[in-house]
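Residue numbers (the working numbering): 1 to 203. Glycine residues also receive a C-beta, built at the ideal position from the N, C-alpha and C atoms. Nothing here was measured: the structure is a model prediction, and the numbers come from that model.
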């Protein structure tokens, strides 16, 4: 009788445990299933609500920010703006190019002078051109040196017989600056001020 009672207790306890486990699993499945579905729906609703909550003030603020960024852009669209380093490089390259052209011209003139089949008059003309070229080169260097003492350390000067082109690494030049440069050029050459063209490299 006791054994039967114990067996009944064990069976009842086992059934009770199984019912409890089954109920728990059923409850857990519903809970997690509902949570997953509910989460997706809640996230979708939240995203839609956030999109709908964008106010007109936010749109206006965004537009003002874009306008502000556009206004910070200096210069004309498509216009190149040189930095200080780029301007210095441009001046250096211009001087190198000038010397290369001059060296080629000197070689040509020297070939004329050394050519035995040419007349003395042609050779004298070549000699005169070489002398003039040397004088112009010396004047350009002298002008650039004097300009450096006045604060225009990055400048390139190109001279001909009756004109001068001066390129200066500066954002802008005052009338006093231009007068200084013209004075230096006229003192070192016989070029008239109206034939002197001064250009800031930033332009």
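Nearest residue (CA-CA) to residue i, options the options
{"i": "residue 157", "options": "177, 134, 185, 173", "result": "185"}
{"i": "residue 95", "options": "14, 193, 167", "result": "167"}
{"i": "residue 206", "options": "140, 152, 145, 108", "result": "Shown here, the chain extends from 1 to 203; a query on residue 206 therefore has no answer."}
{"i": "residue 195", "options": "86, 19, 177, 165", "result": "165"}
{"i": "residue 176", "options": "150, 192, 13, 163", "result": "150"}
{"i": "residue 103", "options": "154, 18, 134", "result": "134"}
{"i": "residue 200", "options": "12, 162, 13, 88", "result": "88"}
Limits of the unbroken alpha helix (DSSP H) element including residue i
{"i": "residue 137", "result": "120–149"}
N- and C-terminal bounds of the beta strand (DSSP E) containing residue i
{"i": "residue 186", "result": "It is not in any beta strand (DSSP E) - residue 186 instead sits in the alpha helix (DSSP H) that spans 175–188."}
{"i": "residue 164", "result": "164–168"}
{"i": "residue 192", "result": "Where residue 192 is concerned, there is no enclosing beta strand (DSSP E), given that its DSSP letter is neither H nor E."}
Heavy atom of the ligand NAP within 7 Å of residue i beta-carbon
{"i": "residue 200", "result": "This structure simply doesn't include the ligand NAP, nor any ligand for that matter."}
Alpha-carbon spacing of residue i relative to residue j, whole angstroms
{"i": "residue 127", "j": "residue 100", "result": "19 Å"}
{"i": "residue 118", "j": "residue 174", "result": "52 Å"}
{"i": "residue 198", "j": "residue 136", "result": "18 Å"}
{"i": "residue 140", "j": "residue 159", "result": "7 Å"}
{"i": "residue 131", "j": "residue 188", "result": "17 Å"}
{"i": "residue 111", "j": "residue 125", "result": "13 Å"}
{"i": "residue 145", "j": "residue 179", "result": "17 Å"}
{"i": "residue 147", "j": "residue 170", "result": "13 Å"}
{"i": "residue 190", "j": "residue 114", "result": "32 Å"}
{"i": "residue 105", "j": "residue 183", "result": "29 Å"}
{"i": "residue 192", "j": "residue 152", "result": "21 Å"}
{"i": "residue 143", "j": "residue 123", "result": "30 Å"}
{"i": "residue 97", "j": "residue 90", "result": "10 Å"}
{"i": "residue 155", "j": "residue 172", "result": "13 Å"}
{"i": "residue 161", "j": "residue 121", "result": "22 Å"}
{"i": "residue 10", "j": "residue 16", "result": "10 Å"}
{"i": "residue 138", "j": "residue 181", "result": "17 Å"}
{"i": "residue 13", "j": "residue 19", "result": "10 Å"}
{"i": "residue 92", "j": "residue 116", "result": "38 Å"}
For residue i: DSSP bridge partner residues
{"i": "residue 155", "result": "168"}
{"i": "residue 199", "result": "167"}
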